[in-house]
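Note that the sequence shown covers residues -34 to -1, 1 to 198 in mature numbering (1 follows the signal peptide of the UniProt record, and there is no 0).
Working notes for the structure below.
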Amino acid sequence: MFRNALNSLITSCKQVSKLVLVIPLLMYSDHLLAADDRSTDASVGQTAEIKLLILGDSLSAGYGLLQAQSWVSLLQNIWLDENRKVEVINAAISGETSDGGLARLPRLLDQHAPTHVLIELGGNDGLQGHNVTKLQENLSKMIELVKAEGAEVYLQDMEIPTNYGRRYNQLFGNSFDTVAAQQNVTLVPFFMQDIALNDELMQRDGIHPNEKGQPLIAEFMHGQLTPLLFSN
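What follows is the structure in structure tokens.
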């Protein structure tokens, strides 16, 4: 009887260990899919003439909100309502820096073959006080990678709080103008300009827009990107 009970216990332990192993792997896989393969409407991709990849950070990932509430998803819906054949691929990750974006970009380009790419990165570099020369190098390398694939690329302007000091803020802010000019790409204005100072549109952390701010960003980006995507 004791031996039977022991065998049953061992079998149960093996089953539990397999379960414990599988759960983290599934969670890790889900994280990768969520970060790198989030087309905002799967059905759109089958007929889309334009595939817009957004390589960004928490401002585009919809931090603290449902995916459907993010400005990226809302922008896709606006274009759907206009009967425009655009597939938006949200490859934004909260906390992403230009180093991380540069490391991920080759696989994203190979996986999705976008026709257009918006680079919305650099904010976390600034918040962490990273070297602005390195930031410029990373942004330039990402732009060159996109161009090499024959896709159009746009650079999102970024700003950081003024408490980082006048000199660093100026160097950081000038980085995006400098790279855009050197690489001859469109610099899209900072989409948080009229939102960041309005507490009603911001989450409690004072950094990320809330569900009220997301539609305003979507409308702003619609006005900025639509002429660029459909200029021909």
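Glycine residues also receive a C-beta, built at the ideal position from the N, C-alpha and C atoms.
All figures in this text were calculated on a predicted structure; none of them were measured in a lab.
Between which two residues does the alpha helix (DSSP H) carrying N135 extend?
Indexing the sequence shown from 1 puts residue 135 at position 169. First-last of the alpha helix (DSSP H) with N135: 132 to 149.
In chain order, what residues of the same chain have a beta carbon less than 7 Å from the beta carbon of L153, not counting five sequence neighbours either side?
For the purposes of this step, residue 153 is taken as residue 187 along the sequence shown, with counting starting at 1. So the qualifying residues of the chain are L121, D123, F142, D143, A146.
Boundaries of the alpha helix (DSSP H) in which I183 is found, first to last residue
Position 217 of the sequence shown holds residue 183. Annotation for I183: the continuous alpha helix (DSSP H) segment containing it runs 179 to 195.
If you reduce the DSSP assignment to three classes, tell me which class M168 lands in.
Your numbering for residue 168 matches position 202 in the sequence shown. M168 falls in the strand class under three-state DSSP.
CB-CB under 7 Å to L137, same chain, minus the five flanking residues each way: which ones, in chain order?
Within the sequence shown, the letter at position 171 stands for residue 137. For L137, the CB contacts under 7 Å within the same chain, skipping 5 residues up- and downstream, are V98 in chain order.
Contact between the stretch 59 to 73 and the stretch 125 to 137 (3+ Cβ pairs under 8 Å)
Taking 8 Å as the limit for Cβ pairs, the verdict is that the stretch 125 to 137 does not touch the stretch 59 to 73.
Taking C-beta to C-beta, are I20 and E86 nearer than 8 Å?
As a working note, residue 20 is residue 54 in the sequence shown. As a working note, residue 86 is residue 120 in the sequence shown. Against a cut-off of 8 Å, the Cβ pair of E86 and I20 comes out as a contact.
Does the Cβ-Cβ distance between L163 and P175 come in under 8 Å?
Counting from 1 along the sequence shown, the entry for residue 163 is found at position 197. Counting from 1 along the sequence shown, the entry for residue 175 is found at position 209. Going by beta carbons, L163 and P175 fall outside the 8 Å limit.
How big is the Cα-Cα spacing for A79 and D171?
Residue numbering aside, residue 79 sits at position 113 when the sequence shown is read from its first letter. Residue numbering aside, residue 171 sits at position 205 when the sequence shown is read from its first letter. Per the coordinates, the alpha-carbon of A79 lies some 35 Å from the alpha-carbon of D171.
Tell me the residue span of the beta strand (DSSP E) that contains E82.
Stepping through the sequence shown from its first residue, residue 82 is reached at position 116. The sequence shown places His at residue 82, rather than the Glu named in the question. 82 to 86 is the extent of the beta strand (DSSP E) around H82.
Since G89 contacts D23 with CB under 8 Å, what's their CB separation in whole angstroms?
The residue labelled residue 89 in the question sits at position 123 within the sequence shown. The residue labelled residue 23 in the question sits at position 57 within the sequence shown. The beta-carbon distance between G89 and D23, rounded to whole angstroms, is 6 Å. This is short enough to meet the 8 Å contact definition.
In terms of alpha-carbon separation, which member of L31, Y29, E118, E177 lies closest to H82?
Taking the sequence shown and counting its residues from 1, one reaches residue 82 at position 116. For the residues L31, Y29, E118, E177, the minimum Cα distance to H82 belongs to E118.
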